[in-house]
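In our numbering, the protein residues as written are 1 to 483.
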């Protein structure tokens, strides 16, 4: 007999289909005492996962949600390989090294065809940023020690970026954040350089804001910082967070100077699981040359076999994302990536024009940059973007609504990220569903307004009140008349 929650005193979990195999409900937060059939375990979990959103309709995420079946097969075949065991899986290690070199050349690193690039695969751009930040901090500390100067108050200058906030907090670095302003939602290079001092370990620029998709002006930042370094004798470098834009700019904005073509750019991170077109779990960080990665940060281990140099925050991790990245790089080539990014940009244009034609929204994102559309309500007095986003969920769409960071918090927007699997047909469907949603929002807001108004009186009711008023007046009684 299955026990109820009231009988057990704790939250229990049961499944209609799984009851064919088991009679006792499972505890939610404790390991069950007994085993259950594999069919039942599968069905219980599968039933719960049905309530998750559809990843393809999750327009909040920059992360890849579709890959070719052939790549899926490669990933499943490698799912049990621990990437860090390089001696046992030397080919996987070789594939990672090939990816690092391909990406380094894509970012115009100053290396020859026979030279090895300096970089590493990570679980995403957050880890990549932590590693790059640690390298900058250690280089700055070493230089200050050699000069006999204090090295206990490092700082970093950046715009709104939660990853750098994490780095600053975790690794005891002061964060100097360039505040955004309404209408200008990226870091201002002039203000950033003004904030640089002798304790600045680097200035971090973003190639593809998560807020609006806009590329920050890394070229201008480099030029201004070169001048300040020459004036002060400092050697403040630049890191480029190209998590979203690193696999976009080289293909459709080839003349844009943001990478290692600029002398002060010493490291770049990029997310393979965003526009690198791999499922979640892979990022990359590339250094300009060996001198930019202090040797003391690299660990050498041999207990898994041969000597293995490693520079990561974690240790064990799967190999399949590395293999998937290599698949995409050789499968698509430069031409394939370029076609996909151009399609994404074209679909973003279709969506932007459709949203503008509804008449309800102002588009705040730019035409260039990461292919996304960020938009705010022209009139938010009757309903908010948060209510619009919630109403869109009835069609299956997951569209985020959020406020801008400090000094622009009063601006609330919605954002749609255009990925490879977001077709023009889906863009047109979203526009149609958004149009229906806005009509419903108007109707609902109108009903609320009518309900909030005081009830109107009929002519007969007014006449009756007037008659009563005069009778009481004649009788010498005070009264009030409200029409």
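For each residue, glycine too, the CB sits at the ideal point set by N, CA and C.
For this session: Would you tell me roughly how many angstroms separate the C-alpha atoms of residue 478 and residue 438, rounded to the nearest one?
Result: In this prediction, residue 478 scores a pLDDT of 49, lower than 50, which makes its location untrustworthy; no coordinate-derived value is stated.
Problem set entry | For residue 207 and residue 404, believed in contact at Cβ under 8 Å, the rounded distance | At roughly 19 Å, the Cβ-Cβ gap does not stay under 8 Å, so residue 404 and residue 207 are not in contact.
Exercise. Along the chain, where does the beta strand (DSSP E) that runs through residue 174 open and close?
Worked result: Annotation for residue 174: the continuous beta strand (DSSP E) segment containing it runs 174-177.
For this session: Taking only runs that begin and end inside the stretch 98-132, name each unbroken beta strand (DSSP E) of 3 or more residues, in chain order.
Result: Within the stretch 98-132, the complete beta strand (DSSP E) segments at least 3 residues long are 118-122, listed from N- to C-terminus.
Exercise. Which same chain residues, not among the five before or five after residue 406, have their C-beta less than 6 Å away from its C-beta?
Worked result: If we look at residue 406 and ignore the five residues flanking it on each side, its Cβ neighbours are 179.
For this session: Could you tell me the distance, in whole angstroms, from the CA atom of residue 484 to the CA atom of residue 174?
Result: Missing from the structure shown is residue 484; the chain here goes from 1 to 483 and no further.
Exercise. Taking Cβ positions only, does residue 113 come closer than 8 Å to chain B?
Worked result: Included in the structure is just one protein chain, with no chain B present.
Exercise. Taking C-beta to C-beta, are residue 254 and residue 220 nearer than 8 Å?
Worked result: The answer is no: Cβ separation not under 8 Å.
Exercise. Rounded C-beta distance between residue 419 and residue 350? I'm assuming under 8 Å.
Worked result: About 14 Å; that fails the 8 Å criterion.
For this session: Determine which residues share a DSSP beta bridge with residue 240 and list them.
Result: Note: residue 240 sits in a beta bridge opposite 205 and 268.
Problem set entry | Run of the alpha helix (DSSP H) containing residue 327, from where it starts to where it stops | Where residue 327 is concerned, the enclosing alpha helix (DSSP H) stretches over 320-357.
Exercise. Using DSSP with H/G/I as helix, E/B as strand and the rest coil, what is residue 484?
Worked result: Residue 484 falls outside the range modelled here, since the chain spans only 1 to 483, and no answer is possible.
Exercise. Nearest to residue 187 by CA position, among 241, 321 and 260, is which residue?
Worked result: Comparing Cα-Cα distances from residue 187 to each of 241, 321 and 260, the minimum goes to 241.
For this session: Identify every residue that forms a DSSP beta bridge with residue 401.
Result: As computed with DSSP, residue 401 is found in a beta bridge with 414.
Exercise. With 16 as the cutoff for other CB atoms within 10 Å, does residue 49 come out buried or exposed?
Worked result: Result: exposed.
For this session: Since I believe residue 64 is in contact with residue 326 (beta carbons under 8 Å), could you give me their beta-carbon distance rounded to a whole number of angstroms?
Result: About 15 Å separates the beta carbon of residue 326 from that of residue 64, a gap too long to meet the 8 Å contact definition.
Problem set entry | Residue of 413, 399 and 137 minimising C-alpha distance to residue 427 | When only C-alpha atoms are compared, the closest one is 399.
For this session: Could you have a look at residue 373 and say whether DSSP puts it in helix, strand or coil?
Result: In the structure shown, residue 373 falls within a strand segment according to DSSP collapsed to helix, strand and coil.
Exercise. Just curious, the beta strand (DSSP E) that residue 156 is in, first and last residue?
Worked result: Looking at the DSSP string, the run of the beta strand (DSSP E) that includes residue 156 is 155-158.
Exercise. Apart from the five residues on each side of it in sequence, which residues of its chain come closer than 6 Å, Cβ to Cβ, to residue 214?
Worked result: Leaving aside the five residues that flank residue 214 on each side, the residues in its chain whose CB is nearer than 6 Å to its CB run, in chain order, 186, 366 and 369.
For this session: Measure from the alpha carbon of residue 247 to the alpha carbon of each residue in 265, 333, 223 and 199, then state which is nearest.
Result: Closest in C-alpha terms to residue 247, from the list 265, 333, 223 and 199, comes 333.
For this session: Give the straight-line distance between the Cα atoms of residue 409 and residue 374, rounded to the nearest whole angstrom.
Result: Answer to the nearest angstrom: the Cα atoms are 15 Å apart.
Exercise. Just how far apart, CA to CA, sit residue 107 and residue 76?
Worked result: The straight-line gap from Cα to Cα measures roughly 30 Å.
Exercise. With a cut-off of 8 Å, do at least 3 Cβ pairs link the stretch 115-126 to the stretch 280-289?
Worked result: Result yes; three or more Cβ-Cβ pairs closer than 8 Å.
Exercise. Quick one: what does DSSP say residue 315 is sitting in, helix, strand or coil?
Worked result: Residue 315 falls in the coil class under three-state DSSP.
Exercise. Excluding the five sequence neighbours on either side, which residues of its own chain have a C-beta within less than 7 Å of the C-beta of residue 421, listed in chain order?
Worked result: Excluding sequence neighbours, residue 421 sits near 56, 65 and 66.
Exercise. So, do the stretch 257-267 and the stretch 220-238 have three or more beta carbon pairs nearer to each other than 8 Å?
Worked result: With contact defined as three or more Cβ pairs closer than 8 Å, the stretch 257-267 and the stretch 220-238 are in contact.
Problem set entry | Supposed contact pair residue 135 and residue 297 - C-beta distance, whole angstroms, cut 8 Å | Indeed they touch by this definition, with Cβ atoms about 6 Å apart.
Exercise. Can residue 79 and residue 320 be called in contact, C-beta distance under 8 Å?
Worked result: Yes, these two residues count as a Cβ contact at 8 Å.
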